[in-house]
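Take a look at the structure set out below.
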Amino acid sequence: MLVLLLALGTLWFVQRGAVLPNTSVAGIDVSGMSPEEVRDRLSDTIETRETDPVSFAFEGEEHVLVPREAGFTIDSDATVDAAMGRGRSGLPGDIVTRLRAFRQPADLDLVEVTDRDVITGWVDELADRLDRPEIRGGVTVDTGQVEVLTSPSQGEVVVDRATTVQLAVSAVRAPGPDAFDLPAATTTQPITDEEIATTAEQVERALAEPLLLQADDATLELAPADLAALVQIEERGEVPGEIELQLVVTPERVDEVIGELGAARFDISPTPASYSASRTPPTTFDAQLDATFRPVSASVALEPGETGRAFDAELAAPQLTELLREGIREAQLRLSEVESDFPTELAEELRPTHLLGTFTTYYQAGQVRNQNIQLLADVIDGALVLPGEQFSINEISGERSCEKGYEPAGTIVRGELVDTCGGGTSQFGTTTFNAAFFAGVQLDQWRAHSWYISRYPIGREATLSYPVLDVKFTNNTDGAIIVKTAHTSTSVTVSLYGVPRATAVSASHSDPTQPRSFQTEVRNTSELRRGQERVIQPGTDGFTVTVDRTVELAGGGTDNRTITTTYVPQTRIIERGTATRAAPPPPPQQDDEDDED
């Protein structure tokens, strides 16, 4: 026992103030060293561990974390204490540890101090610098300054902060330099820098000089400022990195910009095909009573129409896009072709072949009313009525006002004759009605005069008064109808040329029935001396008459219609003088045949 105690005492004495045998720190042998020797022996390793860089690579740059600067250190005192503390924790365990130290090595770890918060702060600072949203970038045009602007494109970057912190912590705790790719979620740059630069150059060329557009004699020069207002840059494609920028001109921009500059200068209205026929028909027809009219072959010339053209934003937009992309400074503008409402092909198909119906009425030469009749005839001459369309005198002529050249003349107003602008034109209405009657077309609207007027066919006449009283018919034939008019100093004629639906049209009149005598109205006037009188309006008896119209259809059968007309009596108006002095002579008696318009 004494020997054992002496041996242990000797061991304790020999190992006092030194690290036990077979002891290493981080693989470095420190056996038998004093604390100062251990510190010196480990100093290089500690320096290396605290300064070994941890680098994160991103987009061609290295972002370096130095452990010592990021909260990682080696506690050298604690490490030395750990080495010196082997076998010095107290008896009896120290006896076993010291004995085993001769044959059982022990490698101790460096005592590391890691401040995770400091590392997290370093990662956050790095992420704040690198994180970025996606920016599409592109090319725009400053229309005010006529300047092409570019903005860079970039993909999105989101650094994975948690993963980066974990990598950094693990790396600083391990020996040796470490290099990683920075954990980050990224998206591809939507539009490449090359695409932006190429497009910007193209737009700058497009705006560099004016662009001249021509179409025959019409020209329009678009200044750079105008072009800047036209140009748009649009994206094509959806795959990031493959998106293309394209210079385009849209129809909406074309309408807005060129419309204001005068696009209408390029427009030419189409010319419809037309027919020409003699205003004087090949035959005269003026039957007052029973009569039959048969279509007469006639020559109607066809004047071919011409297509027009119109500025069309839908056509101009792609052309302007092409011109500006290619840098072309002058071009013939593409225009849309405008077909007339009545093209030549259709006119040939519907071309009149016959005089369907004609009628002539007469008047005394030199009357004011004749001017109104002739003016209205000139307005209506050449009217075209296509199959299915309706003819209307009022619609063509509009109001027959003095401003249009019509003169005041006799008109029936509430049972009396008074002068109004356009008076007398009802005779033209009667003439037109009879031409349509014997042409066999569909009669739509007419109204006979209130009184019977002897110059007109009994029961087969019509009055006019804008806008209510009108003469209308519908073209129910297979061809076009052209209305031709003619007038002389004593007559007016209306003729309808077309394609016959009838071989003959007849009118059969009944004898007048239901006669009604006119009344006499006496009025006093100071314009006449006592004992003098004058007839202001002659009286006419009223009666009823019927007219049977028979249309013998070309395909067989007939189209029959009975027209009943009731004429009211025309009141006889007499003025008697009341003056005691001589008065001017009475005016001439008014024509007893003036009508409602």
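First residue of the sequence shown? That's 189 in my numbering, and the numbers climb one at a time after it. Backbone N, C-alpha and C fix where the C-beta goes; we use that ideal spot for every residue, glycine too.
Open item on the list: Quick check on the DSSP output: what are the complete beta strand (DSSP E) runs of length 3 or more inside the segment 193 to 259, in order along the chain?
Closed with: Listed in chain order, the complete beta strand (DSSP E) runs (minimum 3 residues) inside the segment 193 to 259 are 211 to 213, 242 to 246 and 249 to 253.
TODO: Quick one: residues in its chain with C-beta nearer than 6 Å to the C-beta of Val436, no 5 flanking neighbours on either side, listed in chain order?
DONE: Cβ neighbours of Val436 beyond the five flanking positions: Gln420, Glu422 and Thr509.
- [ ] Taking the CB atoms as reference points, tell me whether Ser698 and Asp736 lie closer together than 9 Å.
- [x] Result yes, Cβ atoms of Ser698 and Asp736 sit closer than 9 Å.
Task: Coarse secondary structure for Gln555, derived from DSSP in three states - done: Correct three-state label for Gln555: coil.
TODO: Verify whether the separation of the beta carbon atoms of Ala367 and Ser212 is less than 9 Å.
DONE: No; because the gap between Cβ atoms is not below 9 Å, this pair is not in contact.
Task: Rounded C-alpha distance that separates Asp303 from Trp310 - done: Each residue's alpha carbon lies about 11 Å from the other.
Open item on the list: I'd like the list of long-range same chain contacts for Gly215, defined as Cβ closer than 8 Å, with 5 residues on each side in sequence excluded.
Closed with: Result list for Gly215: Asp295, in chain order.
TODO: Look at the Cβ atom of Ser528, then the Cβ atom of Gly576, and state whether they are nearer than 9 Å.
DONE: Going by C-beta atoms, Ser528 is not nearer than 9 Å to Gly576.
Task: Distance, Ser653 Cα to Gly610 Cα - done: Those two C-alpha atoms are separated by around 9 Å.
Task: Under the three-state DSSP convention, the category Ser464 falls into - done: Annotated three-state conformation of Ser464 is strand, per DSSP.
Open item on the list: By the three-class DSSP mapping on this structure, what secondary structure does Ile751 have?
Closed with: In this structure, Ile751 counts as strand in the three-state DSSP scheme.
Task: Cβ separation of Ala372 and Val346, assumed to be a contact under 8 Å, to the nearest whole Å - done: So it is a contact: roughly 6 Å between Cβ atoms.
Task: Distance between Gln402 and Val329 (C-alpha atoms, nearest Å) - done: Each residue's alpha carbon lies about 26 Å from the other.
Open item on the list: I need the straight-line Cα distance from Phe246 to Ser341, nearest angstrom please.
Closed with: Distance between the alpha carbons of Phe246 and Ser341 is about 18 Å.
- [ ] Report back the beta-carbon spacing between Thr665 and Gly686 to the nearest angstrom; my notes put them in contact at under 8 Å.
- [x] The distance from the Cβ of Thr665 to that of Gly686 is about 5 Å, consistent with a contact at the 8 Å cut-off.
Task: Paired residues, beta bridge with Thr728 - DSSP - done: DSSP links Thr728 through a beta bridge to Gln758.
- [ ] Give the range of the beta strand (DSSP E) segment to which Phe547 is assigned.
- [x] That run of the beta strand (DSSP E) goes His542 to Tyr550.
- [ ] Provide the residue(s) that pair with Tyr685 in DSSP beta bridges, ordered along the chain.
- [x] Note: Tyr685 sits in a beta bridge opposite Leu543 and Ile670.
Open item on the list: By the three-class DSSP mapping on this structure, what secondary structure does Asn560 have?
Closed with: Helix.
Task: Nonlocal neighbours in the same chain, by C-beta distance under 6 Å from Ala394, ignoring five residues either side - done: Hits under 6 Å: Leu512.
- [ ] Classify Asp369 as buried or exposed, calling it buried when 16 or more other Cβ atoms lie within 10 Å of its own Cβ.
- [x] Exposed, since its Cβ has fewer than 16 Cβ neighbours within 10 Å.
TODO: Determine the direct distance from the alpha carbon of Leu544 to that of Leu523, and round the result to whole angstroms.
DONE: Approximately 42 Å between the Cα atoms of the pair.
Task: Backbone CA spacing between Thr701 and Gly628 [nearest angstrom] - done: Rounded to the nearest angstrom, the gap between the Cα atoms of Thr701 and Gly628 is 27 Å.
Task: C-beta contact flag for Asp478 and Ile581 at 9 Å - done: Asp478 is not a Cβ neighbour of Ile581, given a cutoff of 9 Å.
Open item on the list: Measuring only the C-alpha atoms, how far is Glu322 from Glu249?
Closed with: In this structure, the alpha-carbon of Glu322 lies about 20 Å from that of Glu249.
TODO: Measure the C-alpha to C-alpha separation of Asp404 and Glu382 and round it to an integer number of angstroms.
DONE: Looking at the two C-alpha atoms, the distance is approximately 41 Å.
Task: Residue interval of the beta strand (DSSP E) (run including Ile421) - done: Here the beta strand (DSSP E) through Ile421 covers Val419 to Arg424.
Task: His675 CB to nearest heavy atom of the ligand NAD below 8 Å - done: This structure simply doesn't include the ligand NAD, nor any ligand for that matter.
TODO: Identify which residue in Thr728, Glu491 and Gly425 has its Cα closest to the Cα of Phe530.
DONE: Among Thr728, Glu491 and Gly425, the Cα nearest to that of Phe530 belongs to Glu491.
Task: Cutoff 6 Å; reference Gly425; Cβ partners in own chain excluding five residues on either side - done: Only residues of its own chain outside the window of five on either side were considered, and among them Ile431 and Glu432 have a CB closer than 6 Å to the CB of Gly425, listed in chain order.
Task: Residue range of the alpha helix (DSSP H) that includes Gly326 - done: Annotation for Gly326: no alpha helix (DSSP H) segment contains it, though the beta strand (DSSP E) segment containing it runs Gly326 to Asp330.
Open item on the list: Helix, strand or coil for Arg291? Go by DSSP, reduced to three states.
Closed with: It is coil, neither helix nor strand.
- [ ] Just the C-alpha distance for Thr549 and Phe731, rounded to the nearest angstrom, thanks.
- [x] A straight line joining the alpha-carbon of Thr549 with that of Phe731 spans about 22 Å.
Open item on the list: Let me check understanding here. Comparing Cα to Cα, which of Thr407, Val526 and Ser485 lies closest to Gln520?
Closed with: For Gln520, the closest alpha carbon among the candidates Thr407, Val526 and Ser485 is that of Thr407.
Open item on the list: For a quick check, are the C-beta atoms of Thr734 and Ile762 less than 9 Å apart?
Closed with: In this structure, Ile762 does not lie closer than 9 Å to Thr734 by Cβ.
Open item on the list: Starting from Ile269, trace the alpha helix (DSSP H) in both directions and tell me its first and last residue.
Closed with: Here the sequence assigns Asp to residue 269, which means Ile is not the residue at that position. Asp269: member of the alpha helix (DSSP H) spanning Ser264 to Met272, first to last residue.
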